[in-house]
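K.L.:
Heads up: the sequence shown begins at 2 in this note's numbering, then just goes up one per residue.
Even glycine gets a Cβ: it sits at the ideal position worked out from N, Cα and C.
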Amino acid sequence: MLTGETGAGKSIVIDALNSLAGGKIDPVMFREGTLIEGTFDISSVPQIKEMLEEAGFLAEDFLVITREFSSGRGIARIMGRIVPLQFLSKLGDLLVDIHGQHEHQSLLRQSYHLEVLDRWGKGILEQRAKVSKLYSQLQDKRKEYEEISERMREKEKLLSLYEYQLKEIKEANLIPGEEEELKKESLILSNAEKIYQNLSLAFALLKGKEPSVEDLLGRVEVLIEEASAYDEKLKEWLQSLRSAYSIVDEVASLLSSYVSDIEFNPQRLEEIEERLYLISRLKKKYGNSIGEILAYRDKIEKEMEALSQSEEKIESLEKEISALEKELEKEVSILSELRKKSAHSLQEMVLKHLRELGMEKAKFEVSITPKEIDSKGADRVEFLFSANPGEPLHPLHKIASGGELSRFMLSAKSALREADPVPIMVFDEIDQGIGGEMGFVLGEKLKRLSKGRQVIVVTHLPQIACFANHHFRVKKLGDDYHTEVVIEKLEGDDRVMELARMLGGSDSTSVVQRHAKELLEKYGGA
């Protein structure tokens with residue numbers, strides 16, 4: 002139990018716990034360098050251990066979670082390892098159930114009622130998953146059917162277009178690498194005259210024109226040979242010179258052959274330019290290279306084949322869709338029956354808890370009406386409630402009394418938690434609109450709810466506070482420059498004094514103190 006004056010800072014504790022459970026907290030609420038840390042006993046929650054093991058954590062009976070807020074940003078850690086907030090939030094759903102004074106608004110949303118019923122009923126979530134899978138498959142097939150039908154409507158246009166494109170590409174008789182070879186040939190033909198002039202002159206210089214390179218090499222050879230009569234080592238140079246002479250002779254021969262083969266062919270050049278222009282035009286339409294153009298050709302050939310088979314595919318899809326619709330209707334019917342059976346048991350359980358909260362005449366009904374099939378089935382679920390005899394059943398959002406809604410919420414939570422226990426439950430000022438003897442009823446209900454789990458309650462009612470096994474007081478201290486929130490455990494006389502304060506009496510009033518002692522003796526978990 003957490004108690005204290007209004008504004009003492011009790012919500013800070015709940016906000017901190019909420020942050021450890023992965024709740025979104027605005028970092029600007031915290032001072033620079035704020036650290037929040039919590040240690041949790043998870044020895045009795047195998048689902049949490051399994052989730053941690055799947056994420057690579059060692060299986061232990063305790064769990065340490067930290068949140069750090071610095072420079073406007075938050076970091077979450079589990080056992081010292083940084084984790085995404087999304088993972089921590091999923092873990093928090095299994096670890097802590099925080100119910101604030103306004104949080105019961107979720108029960109006012111009709112869409113939430115289906116989730117409540119499905120979590121309650123045995124086997125419903127498994128059947129719903131089966132329905133969802135079938136519905137998804139059916140939607141995929143319907144989408145494919147629509148796409149092919151649309152293409153069928155455009156079939157004649159597409160076929161005409163594809164036939165034209167295929168004819169154009171095929172008539173071009175494109176060959177991979179052809180463009181590069183044509184460009185090389187075009188370059189040579191375009192410059193045939195220049196090549197002829199240069200190579201003819203080169204040949205003349207090597208072999209024909211006086212004095213030619215060949216003549217000069219011959220003269221050099223004679224001169225060195227005469228000089229070698231006086232120095233033997235000069236004879237070695239003659240061999241190198243004769244090799245050069247041989248190379249000149251070979252190059253001259255190659256030049257002569259090349260020059261004689263040079264073709265001055267304007268007609269061939271025109272053919273190449275036309276071919277290159279055709280390739281360029283096809284590239285603009287079908288791809289950036291001959292390879293891409295040929296790949297596009299293969300693609301449209303397959304498309305044309307697919308279009309020709311569309312009618313067969315349409316018939317096949319119609320049969321598949323029909324079969325899936327029948328199977329889905331069957332599974333949806335099973336799901337609806339499971340919900341109807343579970344609705345009755347949920348009604349009984351919630352009414353049981355309402356009676357325990359003093360609402361013996363209350364009526365509660367889980368209304369199930371048909372709707373169009375979707376991934377969650379074909380049922381519209383809504384909770385209807387009446388607090389007093391003679392009053393008709395109404396949707397929850399039409400309940401005027403906050404106290405009635407709070408008690409209904411606690412009954413629903415209690416019922417659900419028996420089916421899906423969470424180790425920690427937090428109730429933050431859910432006693433709005435409740436007082437007097439009903440406070441004792443609510444306190445006793447919370448006490449029962451705490452069996453097998455930890456329940457943390459923030460309240461202003463002494464009728465509830467007296468039931469707690471552990472009582473903490475939240476105090477705000479400070480001056481004009483500094484504020485500090487302190488939490489202290491109350492025992493013995495300190496607890497009596499706090500209950501006396503909540504009862505509205507002065508600490509020195511012995512009558513109020515005696516009343517506080519009586520409450521603790523009668524209801525307390527001390």
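#1: In the DSSP output, what is L385 paired with across the bridge?
#2: Let me know if Y136 comes out buried or exposed under the rule of 16 or more other beta-carbons within 10 Å of its beta-carbon.
#3: Using DSSP bridges, identify the partner residues of V475.
#4: Hey, would you say V427 sits closer than 8 Å to I457, going by beta carbons?
#5: Does the Cβ of F441 have 16 or more other Cβ atoms within 10 Å, making it buried, or fewer, making it exposed?
#6: Out of D98, P212 and F365, which one is the CA nearest neighbour of H114?
#7: Please classify T4: does DSSP put it in a helix, a strand, or coil?
#8: Pick helix, strand or coil for S451, following the three-state DSSP scheme.
#9: Once you ignore the five residues that flank L355 on each side, which residues in its own chain have a CB closer than 6 Å to its CB?
#10: Mapping the DSSP letters down to three states, classify S334 as helix, strand or coil.
#11: Does the beta-carbon distance from G444 to I431 come in below 8 Å?
#12: Using alpha carbons as the reference points, say which of A307, G73 and V260 lies closest to E194.
#13: Taking the straight line between their C-alpha atoms, what separation do you get for L188 and E274?
#14: Quick check on D480: does DSSP put it in helix, strand or coil?
#15: Just reading off the alpha helix (DSSP H) that S161 is part of, what are its end residues?
#16: Out of K171, N192 and L256, point me to the one whose CA is closest to P302's CA.
#17: Between which two residues does the alpha helix (DSSP H) holding A517 run?
#18: Check G1 in the structure and name its three-state DSSP category.
#19: For V252, which of F204, S241, L218 and L277 has the nearest alpha-carbon?
#20: In the DSSP assignment, find the alpha helix (DSSP H) that holds G292 and state where it starts and stops.
#21: What residues match up with P371 in a beta bridge as DSSP calls it?
#22: Thinking I149 and I374 are a contact (beta carbons under 8 Å), I'd like their distance in whole angstroms, please.
#23: Among the candidates G437, L504, M30 and L36, whose CA atom is the shortest distance from the CA of L21?
P.N.:
According to the structure data:
#1: E366 and P396
#2: buried
#3: I488
#4: yes
#5: buried
#6: F365
#7: strand
#8: coil
#9: A363 and S412
#10: helix
#11: no
#12: V260
#13: 11 Å
#14: coil
#15: K156 to A173
#16: A small fix is needed here, since residue 302 is Glu in this sequence, not Pro. Selected option, being the one with the closest Cα: K171.
#17: S511 to Y524
#18: This structure gives no information on residue 1, because the portion of the chain shown stretches from 2 to 527.
#19: F204
#20: I291 to S309
#21: D380
#22: I149 to I374, Cβ: 23 Å. No contact.
#23: L36
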